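Participant:
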Amino acid sequence: MNGIVAFNYDNWALRYPELAQYVTSTVAQLYFNEAGLYCDNTASSPITDWTVGGQRDMLLQMVTAHIAALNAALGTPSAPLVGRIASAGQGSVNVSVQNDYLPGSAQWFQQTKYGSAFWGATKQFRSFRYVAKHRRNMDAYRPFGWSH
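For the numbering used here, count along the sequence shown from 1 and bump the result up by 3.
(1) Excluding five sequence neighbours on each side, which residues of the same chain lie with their C-beta closer than 6 Å to the C-beta of residue 42?
(2) Tell me whether residue 50 is buried or exposed, calling it buried when 16 or more other Cβ atoms sit within 10 Å of its Cβ.
(3) Rounded to the nearest angstrom, how far is the Cβ of residue 12 from that of residue 68, given a contact under 8 Å?
(4) What does the Cβ neighbour count give for residue 5, buried or exposed, with the cut at 16 atoms within 10 Å?
(5) So for residue 24, helix, strand or coil by DSSP?
(6) Quickly, what does DSSP pair residue 110 with across the bridge? List them, please.
(7) For the alpha helix (DSSP H) containing residue 127, list its first residue and its last residue.
(8) Between residue 60 and residue 100, is the Cβ-Cβ spacing less than 7 Å?
(9) Just grab the DSSP bridge partners of residue 99 for me.
(10) Check each candidate in 114, 55, 120 and name the one with the smallest Cα separation from residue 14.
(11) To the nearest angstrom, report how far apart residue 35 and residue 136 are at their CA atoms.
(12) Output needed for residue 22: all residues of its chain with C-beta closer than 7 Å, excluding positions within five of it in sequence on either side, in chain order.
(13) Rounded to the nearest angstrom, what separates residue 52 and residue 44 at their Cα positions?
(14) Grab me the residues of residue 16's own chain with a C-beta within less than 6 Å of its C-beta, minus the 5 sequence neighbours each way, in chain order.
(15) How is the alpha helix (DSSP H) around residue 17 delimited, first residue to last?
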């Protein structure tokens with residue numbers, strides 16, 4: 004379909020071999036579908052380059068890798084801890100985590116190198132752009148550009 008990036012497991016596996024060796028193509032497709040929640044993959048996306056290897060394709064692959072790393076990093080079950088480590092001990096091992104951020108926030112993306120790369124690469128799409136409305140010069144004698 005025009006304007007939509009289709010997931011290509013082979014390309015993703017070439018880019019992220021450390022994840023692909025543990026993530027099947029079926030699961031990777033599901034992660035890619037989930038990545039669409041964080042990176043608009045519709046024809047009306049602000050990221051207009053949807054070609055293979057294009058900007059949106061690369062960004063969606065980054066988010067897919069981020070989700071894969073969060074869910075089953077390097078073939079192990081996903082870590083039961085979610086969030087950043089707030090404190091750690093050594094004797095009798097104690098760890099506490101802090102998770103006071105929402106999925107899609109900067110901190111959520113900073114949990115993996117893939118998410119961090121995505122966050123940095125999408126800065127241009129998170130910036131507010133003000134476009135001033137064209138102002139009409141209203142002349143009391145010529146309110147709509149009419150002549151006298």
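Even glycine gets a Cβ: it sits at the ideal position worked out from N, Cα and C.
Quick caveat: nothing in here was measured; it's all calculated off a predicted structure.
Facilitator: The structure says:
(1) As a first step, residue 42 is located in the sequence shown; it is residue number 39 there, counting from the start. Once the five neighbours on either side are set aside, the close Cβ partners of residue 42 are 62, 63, 66.
(2) The count along the sequence shown starts at 1 and reaches residue 50 at position 47. Buried, since its Cβ has 16 or more Cβ neighbours within 10 Å.
(3) Residue mapping note: residue 12 aligns to position 9 of the sequence shown, counting from 1. Residue mapping note: residue 68 aligns to position 65 of the sequence shown, counting from 1. Incorrect: roughly 12 Å between the Cβ atoms, too far for contact.
(4) Locating residue 5 in the sequence shown gives position 2, counting from the first residue. Answer is exposed; the Cβ neighbour count stays below 16.
(5) Here residue 24 is taken as the residue at index 21 of the sequence shown, counted from 1. DSSP places residue 24 in coil when its eight states are reduced to three.
(6) Locating residue 110 in the sequence shown gives position 107, where the first residue counts as 1. Looking at the DSSP output, residue 110 bridges to nothing.
(7) Working through the sequence shown from its first residue, we reach residue 127 at position 124. Per DSSP, the continuous alpha helix (DSSP H) segment holding residue 127 begins and ends at 126–129.
(8) As a working mapping, residue 60 is identified with position 57 in the sequence shown. As a working mapping, residue 100 is identified with position 97 in the sequence shown. Result no, Cβ atoms of residue 60 and residue 100 do not sit closer than 7 Å.
(9) Within the sequence shown, the letter at position 96 stands for residue 99. 90, per the DSSP bridge assignment.
(10) On the sequence shown, residue 14 is found 11 positions in, with the first residue counted as 1. It is 55 whose Cα lies nearest to the Cα of residue 14.
(11) Start at 1 with the first residue of the sequence shown, and residue 35 comes out as number 32. Start at 1 with the first residue of the sequence shown, and residue 136 comes out as number 133. Rounded to the nearest angstrom, the two C-alpha atoms are 38 Å apart.
(12) Taking the sequence shown and counting its residues from 1, the one referred to as residue 22 is at position 19. Excluding positions up to five away in sequence, the list reads 68, 71, 72.
(13) Locating residue 52 in the sequence shown gives position 49, counting from the first residue. Locating residue 44 in the sequence shown gives position 41, counting from the first residue. Straight-line Cα distance between these residues: approximately 11 Å.
(14) Taking the first residue of the sequence shown as position 1, residue 16 is located at position 13. Same-chain partners within the cutoff: 23.
(15) As a position in the sequence shown, residue 17 is number 14, starting the count at 1. Run containing residue 17: 12–18, per the alpha helix (DSSP H) assignment.
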